[in-house]
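Protein chains in written order, with the numbering used here: chain A, 15 to 108; chain B, 301 to 439; chain C, 12 to 837; chain D, 35 to 161.
C-beta atoms are modelled at their ideal positions from N, C-alpha and C, and glycine is treated no differently.
Below is one structure, written out as structure tokens; comments come after it.
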């Protein structure tokens, strides 16, 4: 099956991408680097899960994808605010 | 309006609705496909946290004037209520029953007491998480 | 059910009290009275020997059910409880002023009554134990009724500690019995009584159950709590600590006689403990200066007497014991009530300060005469008959040769002392020289209730006393202050003395019983004593006819000796007391032992907590994991549960290896991360890895939950870090790091081993098959995981959400209640 | 037909995702990496999403709305996350690559390099 073969290649490629980003998480001189690398890992995971969904032809995984997307977004934004201002939920700064 | 980035605020407004719909969706079908009170609850809490991130406490307090602790209490009441409800029909405590109802538009809909129980769980989880987050946030 | 009625009323009392005020006493008295009548009506059927049996399943699976079994023995006790209960409640209406917390007083009394009825009537050992502990609790509440007084609290705590300790021993004994006979039902145990003495569990069961009985009935080593229990209001002392509660131990021994009795151990333990308590109790009674304490020790000695009789374990002895239980309740109860009146009227209970009250309280004096004469065992009274039977029993006790003379001798000595202190209480207090008990005495023991005090010699120009009730009470009670002062002052003029009818009548009723039973024993013999004795003995008991006169026989001779020496003792009472005083040395007495024991316990507990509570979360973790490794590691090693063979492992594809590799690297990375933030991030990677694993193994639900847990914990970390001080890396000593490393590695390997062996052993077929099959049929949903979560295991989920709720509230409280930065309290 | 379109979309997705990851690794300073992560990966995931969408919609005959919503959501939020991260990095003066020619943002963001120093950039302000 041509499609399955493509999906497998894709999976392997994405795994390599994850390992690459993981390298950045390890090395990353500054904290934002690490955070960004982690964000990219999450995005790669999204890709992997989507490919898995196609590979296994089941629709169960879309929930996981969306939840992962939301939480990735949430995590990174919280991290960003934390790095920038040291406080995540500010009282009222207008 | 505040020092927070404008982009985040606009996105936050849209994202909030998407996440909320999705969490209700998850809650609703919990019985048959993956979903359920816990996950839905946390997702709704995540949605509100996005708001917290984008805007500040005062804004969110105005937007969501409810005190989260009441949510917890309501959730517990509902969960235990469904349990006790079972006993009224001389069933064992927390025994669930389910009926199939045919709504004109939606087709077969399954009404289960489990959903009420799940809804209770949902309320508790949302209330709990947000109480903690707002408590620490206000610190 | 009769047993539950008191509890029901106890629940109602708090609501009725505001409405009825003081009159609630009458309503409350109605209940025991109606029960008393009901039990009286039960006497005929029980006399014919068919006990009443009601079975109500409580925890059927464990063989514990609420069974009420009313035979002669329990009927006697029920009558005692309800009869004296009525008298006490009526008495306390006039005894306790309006300001006292009457509401909960009556609740406690009813609680106690229900508990006592439950104890004597339940035929299931566990239910009996439950009620038994309930009596301890209600006695704790009642002793500590005047909770603002130091002595009450001390007394209550002491009695609670000792009786509950005994109770625990008793339940252990019951479990042994359960091991032997395989049932909790007393009747079945009695049926298999033959098997019990033979089995190896017999001795521990006997000792433990006796421990429970001895602590409750204040036998020799454990009697120390009874004198301190005198801090309770006098009606309570009369009810609990003389007539009913302390008899629970006796009831238990009587009930266990057919099962545990009949062996040498039973004979020696019981008779010797009983004998020592009898002599020691009466011996110490003489020494007491406070009337109530004297009565307390006399109760101890009388209980010793009954235990002594149960120890002798002949038909006559058991009958004598049962008969004496009845008599003791009558005369000791009335003596307490009289002391209550004396204390209530004169404000003091010091023997030396009281005298010549007969002229002031003629009827009370009469009652006291009746009661103390009975207690001394003089002829026309009921106690004389039971003492005669007691002497008779000691003569034919059997057992070792030396007991043949020791028992009677001890009996006589005990009775002499009893005679002396009864005489003192009656003659000296009421007929001795009129002493100016002006009541300035601040006896440590006397109560401080609202009594208008009388200066014995100086009249108190109170207005004409309204008859019988306390309408004239002119001044509020000072019961707030610890000691008792007298606003009554010493107005001169004719004193209006007379007996407080509200209190005298009940006492008179009880005391008159001693005379009635004494003169017409037959009345009581067949209806109560014999059925009760046969209940205790396990088979019908026939004893010579109860009568005042049995002709010239050794017991009569012994009684004569007792009377003679008793009078002599009374004559030289003070010299006798000095002799007794000298014997008693303060250092080694049991009370000090008890106090030192309790303090030692508290100090030990504090020492233990100090070691553990170092304040560092890290130390707690180390403690926990160390304990985990020790416990689990040992059991696994001991049971050599580790199996590495026979594992049907799923094929591990390349993909999983890569993922596993990434996760391992990420976990190790956490150690070397420069700052905390980076550490959590790499933890995040591990979390993602786990989620992916779930996805690989096609478990979307689990993946979702794992994801969410990841995200929330990440958020929590960030929130908390925002407040933590900005220290990059704690400087942790090398040794501490080593320990942590060792602990981490050890627990890691242990868990992996467990998992592997867990996977290998296939003891039960996996539960999943059950869930798969009927999750749709029963639960109505085809998402098995959720159906389990909500339906099959609904209870756990409910528990979990309660935990979530509690956690949220506690975090909120912790954060909010912290003193604010500016020290302002939120 | 379904397989061809899905495969093409998948390959596109993978290319962009790989590019993104490579960029994150290879780029000299944070801001370069941010470009790669922000743009390339998001595009990559969107393509994967479209692939899945195409596959399931075509095989089931009706447009798979849920998947559409998800892809849209990712497409929306991922760049914002990168944006926030870069803002944070800029405010905490993460060093730029020495070869940067011009910094258009100098002085515009509070706390950034050259910005108006009214608020100390202390990690934790006094609450």
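Proximity test, residue i beta-carbon vs the ligand FMN heavy atom, cut-off 6 angstroms
i, result
"residue 721 of chain C", "This structure does not include the ligand FMN; it has no bound ligands of any sort."
Of the residues the options, the one placed nearest residue i, counting alpha carbons only
i, options, result
"residue 392 of chain C", "C/401, C/400, C/381, C/402", "C/381"
"residue 52 of chain C", "C/31, C/539, C/813", "C/539"
"residue 163 of chain C", "C/241, C/348, C/227, C/197", "C/241"
"residue 293 of chain C", "C/766, C/308, C/314", "C/308"
"residue 239 of chain C", "C/759, C/168, C/323", "C/168"
"residue 676 of chain C", "C/688, C/687, C/817, C/692", "C/692"
Simplified DSSP state of residue i, which is helix, strand or coil
i, result
"residue 623 of chain C", "helix"
"residue 133 of chain C", "strand"
"residue 503 of chain C", "Only weak support is given to the placement of residue 503 of chain C: the predicted model assigns it a pLDDT of 25, under 50, and the value that follows is read from those uncertain coordinates. In the structure shown, residue 503 of chain C sits in coil (DSSP, three-state: anything other than H, G, I, E or B)."
"residue 156 of chain D", "Annotation note: pLDDT 40 at residue 156 of chain D (below 50); position unreliable, no value reported."
"residue 313 of chain C", "helix"
"residue 717 of chain C", "helix"
"residue 747 of chain C", "helix"
"residue 309 of chain B", "helix"
"residue 94 of chain D", "helix"
"residue 38 of chain D", "helix"
"residue 630 of chain C", "helix"
"residue 356 of chain C", "helix"
"residue 3 of chain C", "The question about residue 3 of chain C has no answer, for chain C in this structure spans 12 to 837."
"residue 361 of chain C", "strand"
"residue 356 of chain B", "coil"
"residue 196 of chain C", "strand"
"residue 301 of chain C", "strand"
"residue 117 of chain D", "helix"
"residue 651 of chain C", "coil"
"residue 318 of chain C", "helix"
"residue 391 of chain C", "coil"
"residue 20 of chain A", "helix"
"residue 316 of chain B", "helix"
"residue 171 of chain C", "helix"
Buried or exposed (CB count within 10 angstroms, at least 16 for buried), residue i
i, result
"residue 264 of chain C", "buried"
"residue 28 of chain D", "With chain D covering 35 to 161 only, the question about residue 28 of chain D has no answer from this structure."
"residue 129 of chain D", "exposed"
"residue 482 of chain C", "Note that residue 482 of chain C scores a pLDDT of 32, beneath 50, so its modelled location is shaky; the value from the coordinates is reported in the next line. When all chains shown are included, residue 482 of chain C counts as exposed."
"residue 38 of chain D", "exposed"
"residue 621 of chain C", "exposed"
"residue 617 of chain C", "exposed"
"residue 81 of chain D", "buried"
"residue 318 of chain B", "buried"
"residue 748 of chain C", "exposed"
"residue 504 of chain C", "With a pLDDT of only 25 at residue 504 of chain C, under the threshold of 50, the placement of this residue in the model should not be trusted; the figure read from the coordinates follows. It is exposed - the Cβ of residue 504 of chain C has fewer than 16 other Cβ atoms within 10 Å."
"residue 62 of chain D", "exposed"
"residue 82 of chain C", "buried"
Entirely enclosed beta strand (DSSP E) segments - the region 29-110 of chain C, minimum 3 residues:
63-70, 75-81
I want to know whether the region 395-415 of chain C touches the region 569-578 of chain C - three or more CB-CB distances under 8 angstroms.
yes
Pairs of beta-carbons, one from the region 410-426 of chain C and one from the region 368-376 of chain C, closer than 8 angstroms: are there three or more?
no
Taking 8 angstroms as the cut-off, does the region 415-429 of chain B touch the region 365-379 of chain B (at least 3 CB pairs, one atom from each stretch)?
yes
Hey, is the region 131-142 of chain C in contact with the region 576-583 of chain C, meaning 3+ C-beta pairs nearer than 8 angstroms?
no
Given 8 angstroms, three or more beta-carbon pairs between the region 715-732 of chain C and the region 689-707 of chain C
yes
Is there contact between the region 301-309 of chain C and the region 354-369 of chain C, where contact requires at least three CB pairs shorter than 8 angstroms?
yes
Under 8 angstroms: do the region 42-57 of chain D and the region 18-27 of chain A share three or more Cβ pairs, one atom per stretch?
yes
Could you give the uninterrupted runs of the alpha helix (DSSP H) lying entirely in the region 210-255 of chain C, keeping only those of 4 residues or more?
213-227, 236-239, 245-249
In chain order, what are the residue ranges of uninterrupted alpha helix (DSSP H) at least 4 long that sit wholly in the region 254-283 of chain C?
256-271
Segment contact, 8 angstroms Cβ cut-off, at least three pairs: the region 77-90 of chain C with the region 129-137 of chain C:
yes
At least 3 beta-carbon pairs within less than 8 angstroms: the region 517-526 of chain C vs the region 309-317 of chain C:
no
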